[in-house]
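In our numbering, the protein residues as written are 1 to 248.
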């Protein structure tokens, strides 16, 4: 079966679909039928669209899947969006390429912050981690080399990598585990948001004081710690992995 063409090979005018024919009985329907923008995509655009959907929009995975560079992938996305008359969405659909040039890593350190920085840098500054409920969280290294952001966390102020050292220190001091706590609609010091919970410890690290309202970022931070092999993201608690605990 030949691929659909949209331009007249003689005058280059727009072609119309006027007849649909059943290959089984030969019945024909005559009318002017609309052509979808997807019908007009060329083979390269269809290949990229397929890879984009197969990898659920994760552009790092698309690059790996198609064995193409970031600039090439971005160009293909821009081209696809333009072909689908969605050109204005390019910047939102394709996050900026992380800059890890200023990320200094001590590869000999057992600090959680250094282990996570090393793994994040190894992945080009962007990874997808998953919460205990399977929710994907995008993690991005920031250009300053000391902080990171996530699509599930407030952008400002960005989180510094030492927050993971603070959490690990809490777990270690409490015998290897600690309650995650709850910061939703809670103030620091209230039941469920005490200083000996992960959410309370993070709030203190972020400069909050007793009685202050807090944001609960633990679902993301716990997912990162589990991804790095540092802690198990348990039900209601974080637990140091045996492998990491032996290094402390």
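Even for Gly, the Cβ is constructed at its ideal location relative to N, Cα and C. Computed from a predicted structure; not experimentally measured.
Practice item. Return the chain-ordered ranges of every alpha helix (DSSP H) run that is complete within the region 73 to 136 and spans a minimum of 4 residues. Key: 90 to 93, 112 to 122
Practice item. From the DSSP output, in three-state form, read off residue 47 for me. Key: Indexing the chain shown from 1 puts residue 47 at position 47. Residue state, collapsed to three classes: helix.
**Study point:** Euclidean distance between Cα positions of residue 93 and residue 126
**Key:** For the purposes of this step, residue 93 is identified with residue 93 of the chain shown, where counting begins at 1. For the purposes of this step, residue 126 is identified with residue 126 of the chain shown, where counting begins at 1. Confidence in residue 93 is poor, its pLDDT being 44 and thus under 50, which makes the residue's placement unreliable; the coordinate value appears in the next sentence. In a straight line, the C-alpha of residue 93 is about 15 Å away from that of residue 126.
Check your understanding: Taking the runs of the beta strand (DSSP E) that are 3 residues or longer, which of them lie wholly in the region 12 to 37?
Key -> 17 to 21, 28 to 33
Review point. When DSSP labels each residue in this structure, what does residue 171 get in the three-state scheme?
Key: Taking the chain shown and counting its residues from 1, the one referred to as residue 171 is at position 171. The answer is helix: DSSP assigns residue 171 an H, G or I state.
**Study point:** Sequence-distant residues of its chain with Cβ nearer than 8 Å to residue 18 (five each side left out)
**Key:** Sequence index remark: in the chain shown, residue 18 carries index 18 (1-based). These residues qualify, in order along the chain: 30, 31, 32, 33.
Exercise for review: Spell out the partners DSSP gives residue 65 in its beta bridges.
Suggested key: The sequence position of residue 65 within the chain shown is 65, counting from 1. Answer is none; residue 65 lacks a bridge partner.
**Study point:** Contacting residues, own chain, Cβ-Cβ under 6 Å from residue 250 (five flanking each side not counted)
**Key:** Residue 250 cannot be examined here, being either before or after the span of the chain that is shown, 1 to 248.
Exercise for review: Would you identify the three-state DSSP class for residue 146, choosing helix, strand or coil?
Suggested key: In the chain shown, counting from the first residue as 1, residue 146 sits at position 146. Residue 146 falls in the coil class under three-state DSSP.
Review point. If you draw a straight line from the alpha carbon of residue 40 to that of residue 228, how long is it in whole angstroms?
Key: By 1-based counting over the chain shown, the position of residue 40 is 40. By 1-based counting over the chain shown, the position of residue 228 is 228. Each residue's Cα considered, the two are about 44 Å apart.
Point to revise | Rounded C-alpha distance that separates residue 119 from residue 23 | key: The residue given as residue 119 occupies position 119 in the chain shown. The residue given as residue 23 occupies position 23 in the chain shown. Looking at the two C-alpha atoms, the distance is approximately 56 Å.
Exercise for review: Note down, in chain order, each residue of its chain lying with its Cβ closer than 7 Å to the Cβ of residue 243, except the 5 sequence neighbours on either side.
Suggested key: Counting from one through the chain shown, the residue named residue 243 turns up at place 243. Cβ within range, chain order: 229.
Point to revise | Helix, strand or coil at residue 53 [DSSP, three-state] | key: As a first step, residue 53 is located in the chain shown; it is residue number 53 there, counting from the start. Helix at residue 53.
Review point. Taking residue 245 as the reference, which of 78, 64, 112 has the closest Cα?
Key: Sequence index remark: in the chain shown, residue 245 carries index 245 (1-based). The candidate whose alpha carbon is nearest that of residue 245 is 112.
Exercise for review: Closer than 7 Å by C-beta to residue 186: which residues in its own chain qualify, once you throw out the five before and the five after it? Chain order, please.
Suggested key: What you label residue 186 is simply residue 186 of the chain shown in a count that begins at 1. Excluding sequence neighbours, residue 186 sits near 192, 193, 214.
Practice item. Kindly indicate which three-state DSSP category residue 178 falls into: helix, strand or coil? Key: Working through the chain shown from its first residue, we reach residue 178 at position 178. Of the three classes helix, strand and coil, the one that applies to residue 178 here is strand, per DSSP.
Exercise for review: May I have the straight-line CA-CA distance separating residue 183 from residue 85, to the nearest angstrom?
Suggested key: As a working mapping, residue 183 is identified with position 183 in the chain shown. As a working mapping, residue 85 is identified with position 85 in the chain shown. Straight-line Cα distance between these residues: approximately 43 Å.
Point to revise | Backbone CA spacing between residue 103 and residue 157 [nearest angstrom] | key: Against the chain shown, residue 103 aligns to sequence position 103. Against the chain shown, residue 157 aligns to sequence position 157. Cα-Cα distance, rounded: 18 Å.
Practice item. Return the CA-CA distance between residue 51 and residue 60, expressed in angstroms with no decimal places. Key: Taking the chain shown and counting its residues from 1, the one referred to as residue 51 is at position 51. Taking the chain shown and counting its residues from 1, the one referred to as residue 60 is at position 60. Rounded to whole angstroms, residue 51 to residue 60 spans 11 Å at the Cα level.
Review point. Per the contact definition of three or more C-beta pairs closer than 8 Å, is the region 140 to 150 in contact with the region 167 to 180?
Key: no
Practice item. Note down the Cα distance separating residue 48 from residue 36, rounded to an integer number of angstroms. Key: Counted from its first residue, the chain shown places residue 48 at position 48. Counted from its first residue, the chain shown places residue 36 at position 36. Roughly 18 Å separates the two Cα atoms.
Practice item. Give the single residue among 233, 173, 152 whose Cα lies nearest to the Cα of residue 216. Key: Along the chain shown, one-based indexing puts residue 216 at 216. It is 152 whose Cα lies nearest to the Cα of residue 216.
Exercise for review: Indicate whether at least one CB of chain D lies closer than 8 Å to the CB of residue 25.
Suggested key: Included in the structure is just one protein chain, with no chain D present.
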